[in-house]
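In our numbering, the protein residues as written are 2 to 168.
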Amino acid sequence: MTRKKKILYVFIGIITLFFLFLVWYKVTYSMDEAASYEINSPTNQTKLLIATQGSEFKNAITENIVNYYKKDSLYIKVIDVSLLDKINANKFNAIFLFHTWENLKPPIEVEKFIESNKALKSKIIIYTTSGNGSYKMENVDALTGESNIEDVKKVSNQIKRKLDDLL
2 MTRKKKILYV
12 FIGIITLFFL
22 FLVWYKVTYS
32 MDEAASYEIN
42 SPTNQTKLLI
52 ATQGSEFKNA
62 ITENIVNYYK
72 KDSLYIKVID
82 VSLLDKINAN
92 KFNAIFLFHT
102 WENLKPPIEV
112 EKFIESNKAL
122 KSKIIIYTTS
132 GNGSYKMENV
142 DALTGESNIE
152 DVKKVSNQIK
162 RKLDDLL
């Protein structure tokens with residue numbers, strides 16, 4: 002076998018391993034789609050939008066927040082972040098965006114939503130999860146953390162305090 006063929010085979014092997022790693026990473030760490038649902042009547046005067054992604058941690062926090070507010074005369078709409086482009090932010094008193102930092106950036110839908118609703122930033126609360134818990138979008142006031150299931154109560158309370166100020 003010639004030297005050029007050996008180099009070519011090694012190069013192809015490295016590229017193959019790299020793509021296998023990317024597939025494994027995507028399958029292991031990508032978020033599930035969050036189920037969409039509504040609590041109480043959309044005719045209620047006070048409205049909360051929760052845009053999230055599906056994971057054990059995010060589902061537990063979303064459930065805590067929904068359970069905390071559902072007894073009030075408050076309309077709650079829960080959607081996956083992929084549906085943000087269909088939302089009229091002006092119809093909500095508070096918006097909670099809950100997403101994971103993936104591939105060194107937030108989901109594009111979250112970026113676009115924030116960009117197109119800059120005038121409403123005072124009623125948008127963002128919580129970004131990442132591997133080390135510190136990544137967030139530049140020039141955006143956001144809470145950050147890791148997706149540690151042990152922190153569900155602490156993080157839920159932190160978010161509820163922020164939402165209480167808006168609702």
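Using N, Cα and C, we set each Cβ at its ideal position, and we do this for glycine too.
Quantities reported herein were computed from a predicted structural model and do not represent experimental measurements.
Problem set entry | Sequence-distant residues of the same chain with beta carbon closer than 6 Å to S1, five excluded per side | Nothing can be reported for residue 1: it is not among the residues displayed for the chain, which extend from 2 to 168.
Exercise. If you compare alpha carbons, which of K137, M138 and T130 is closest to G55?
Worked result: The option with the nearest alpha carbon to G55 is T130.
Exercise. DSSP on I88, reduced to helix/strand/coil?
Worked result: Coil.
Problem set entry | CB of Y70 within 8 Å of CB of L49, strictly | Using a Cβ distance threshold of 8 Å, Y70 and L49 count as a contacting pair.
Exercise. When you compare only the Cα positions, how much space is there between L144 and K6?
Worked result: Approximately 52 Å, taken between the alpha carbons.
Exercise. So what does DSSP say about K106, is it helix, strand or coil?
Worked result: Of the three classes helix, strand and coil, the one that applies to K106 here is strand, per DSSP.
Exercise. Which word fits F58, buried or exposed, when buried means at least 16 other C-beta atoms lie within 10 angstroms of its C-beta?
Worked result: In the assembly as shown, F58 is a buried residue. Its beta-carbon has 16 or more other beta-carbons within 10 Å.
For this session: Take every Cβ of the region 120-129, pair it with every Cβ of the region 90-108, and state whether three or more of those distances are shorter than 8 Å.
Result: Touching, per the Cβ criterion.
Exercise. Excluding sequence positions up to five away, which residues of its chain have a Cβ less than 7 Å from the Cβ of K137?
Worked result: Excluding sequence neighbours, K137 sits near T129, A143 and T145.
Exercise. Among D86, K87, K92 and S83, which one has its Cα closest to the Cα of D77?
Worked result: What sits at residue 77 in the sequence shown is Ile, not Asp. With distances taken between Cα atoms, I77 lies closest to K92.
For this session: Check the C-beta distance from A52 over to L85 and give it rounded, since I have them as a contact under 8 Å.
Result: Contact check for A52 and L85: beta-carbon distance about 5 Å, within the 8 Å limit, so the pair qualifies.
Exercise. Which two residues bound the contiguous beta strand (DSSP E) that contains K78?
Worked result: Segment L75 to D81, the beta strand (DSSP E) holding K78.
For this session: Just mark A35 as buried or exposed, buried being the case when its beta carbon has 16 or more other beta carbons within 10 Å.
Result: Counting Cβ neighbours within 10 Å, A35 comes out buried, since at least 16 surround it.
Exercise. Over what stretch of residues does the beta strand (DSSP E) that includes E1 continue unbroken?
Worked result: A query on residue 1 cannot be resolved here, the shown segment of the chain reaching from 2 to 168 and no further.
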